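Notes follow the structure.
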């Protein structure tokens, strides 16, 4: 149903209530209930008729105007509608009954009361409708903001896929001539990784187990590439495996550790992943060994890389300020990424 028609029906109900109320009021005063009801309903329904015309033909044409300018047009029109709703039926009654209602002081007093109360009543109803429209507009804007944030999250996730694909293809290219068997194995792992990535492309949160499966598949590819040069240690609270976790976060964090902690090291090293519960927080730490020469030459190594910046942007959209993020070097010289997420928010989603 058209919005203007809905509002016309709303005003019809309001006008009916006014007609009943004033019919009883005037009937009680002059003891002529039938005549009082006829006059009251004639006025209230005539007002409704003009109000309906305004909502069907005028209001839709000025919806695009600023609120102040719109009110400057609406208020005079509503006042004119009320005035016509009063004058037209009373003029008809004066002609029909051969009696000038307009010459009666009592009539003008009662009609004055009627108009004032009607204007107040219509004003309150209009204010309520305006408030409701304002809330609906705010809700719509919030919905669009949420949709925009979700679209941005998905776009940021999509940026990650070509990144690890490029690195993986480079690794395969290096193995094709040296060890075709391992190259085929790596291609199979990469195919599995891409399948998982496609399955999760529209998901903002996935069970931790699924996120770990993606991470393990990625690490399987890098183990083929680096062989004994890369060690991996994992501590995961099994009770958290079913808990929702931001999709495609662990893999780029581990990729960052491989890129800066293993690939750039002559002797290799160990990557450690810890996932556990701390109170109402989902606590995650990924650490990797970094050769001292790298930390001395570049003290901000891997802190502000594209992958980490991308993850921060996604977490900002998901959690706002309700999460903790820290990157830096531990006293032992390991580079660490520490992430703490509110468990309650994840479980609700």
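Residue numbers (our numbering): 376 to 724.
Where is the CB? At the ideal position from N, CA and C, for every residue including glycine.
The structure displayed is predicted, hence computed values, not measured ones.
Same chain, Cβ closer than 8 Å to residue i, five either side skipped, listed in chain order
{"i": "residue 653", "result": "715"}
{"i": "residue 617", "result": "582, 583, 584"}
{"i": "residue 725", "result": "Residue coverage of the chain in this structure runs from 376 to 724, which leaves residue 725 outside it and unanswerable."}
{"i": "residue 550", "result": "557, 558, 561, 599, 600"}
{"i": "residue 595", "result": "564"}
{"i": "residue 452", "result": "429, 433"}
{"i": "residue 445", "result": "437, 438"}
Endpoints, beta strand (DSSP E) assigned at residue i
{"i": "residue 441", "result": "Unbroken run through residue 441: none, as it is neither H nor E."}
{"i": "residue 657", "result": "656–664"}
{"i": "residue 716", "result": "709–717"}
{"i": "residue 608", "result": "605–611"}
{"i": "residue 620", "result": "619–621"}
{"i": "residue 702", "result": "699–704"}
Residue i: CB within 6 Å of a non-hydrogen atom of the ligand FMN
{"i": "residue 707", "result": "This structure simply doesn't include the ligand FMN, nor any ligand for that matter."}
Cβ neighbours of residue i in the same chain (closer than 6 Å, five flanking residues each side left out)
{"i": "residue 581", "result": "575, 622"}
{"i": "residue 395", "result": "none"}
{"i": "residue 586", "result": "620, 625"}
{"i": "residue 659", "result": "650, 714"}
{"i": "residue 712", "result": "628, 661, 702"}
Of the residues the options, the one placed nearest residue i, counting alpha carbons only
{"i": "residue 496", "options": "454, 468, 483", "result": "454"}
{"i": "residue 703", "options": "512, 503, 655, 635", "result": "635"}
{"i": "residue 568", "options": "544, 418, 551", "result": "544"}
{"i": "residue 463", "options": "713, 448, 583, 414", "result": "414"}
{"i": "residue 648", "options": "629, 639, 461", "result": "629"}
{"i": "residue 442", "options": "480, 502, 409, 392", "result": "502"}
{"i": "residue 633", "options": "685, 692, 659, 663", "result": "663"}
{"i": "residue 708", "options": "696, 665, 691", "result": "665"}
{"i": "residue 694", "options": "518, 661, 717, 471", "result": "717"}
{"i": "residue 627", "options": "705, 546, 661, 613", "result": "661"}
{"i": "residue 494", "options": "465, 456, 505", "result": "456"}
{"i": "residue 655", "options": "468, 631, 710, 698", "result": "698"}
Start and end residues, alpha helix (DSSP H) containing residue i
{"i": "residue 631", "result": "625–632"}
{"i": "residue 725", "result": "Residue 725 is absent from the model: the chain starts at 376 and stops at 724."}
{"i": "residue 572", "result": "555–574"}
Same chain, Cβ closer than 7 Å to residue i, neighbours up to 5 away in sequence not counted
{"i": "residue 387", "result": "423"}
{"i": "residue 687", "result": "700"}
{"i": "residue 460", "result": "418, 421, 422, 425"}
DSSP-derived helix/strand/coil call for residue i
{"i": "residue 643", "result": "coil"}
{"i": "residue 580", "result": "strand"}
{"i": "residue 650", "result": "strand"}
{"i": "residue 552", "result": "coil"}
{"i": "residue 616", "result": "coil"}
{"i": "residue 479", "result": "coil"}
{"i": "residue 695", "result": "coil"}
{"i": "residue 514", "result": "helix"}
{"i": "residue 638", "result": "coil"}
{"i": "residue 671", "result": "Caution applies to residue 671, whose pLDDT of 46 falls short of 50 and renders its modelled position unreliable; the model cannot decide the point."}
{"i": "residue 677", "result": "The predicted model places residue 677 with a pLDDT of 45, which falls under 50 and marks its position as unreliable; any figure quoted below should be read in that light. Residue 677 falls in the coil class under three-state DSSP."}
{"i": "residue 723", "result": "A caution first: residue 723 carries a pLDDT of 49, below 50, which makes its placement in the model too unreliable to give a value."}
Touch check for the stretch 632–650 and the stretch 597–604: three-plus C-beta pairs under 8 Å?
-> yes
Could you tell me whether the stretch 603–612 touches the stretch 557–575, using the rule of 3 or more Cβ pairs below 8 Å?
-> no
The stretch 549–556 / the stretch 579–594 touching (three or more Cβ pairs under 8 Å) | no
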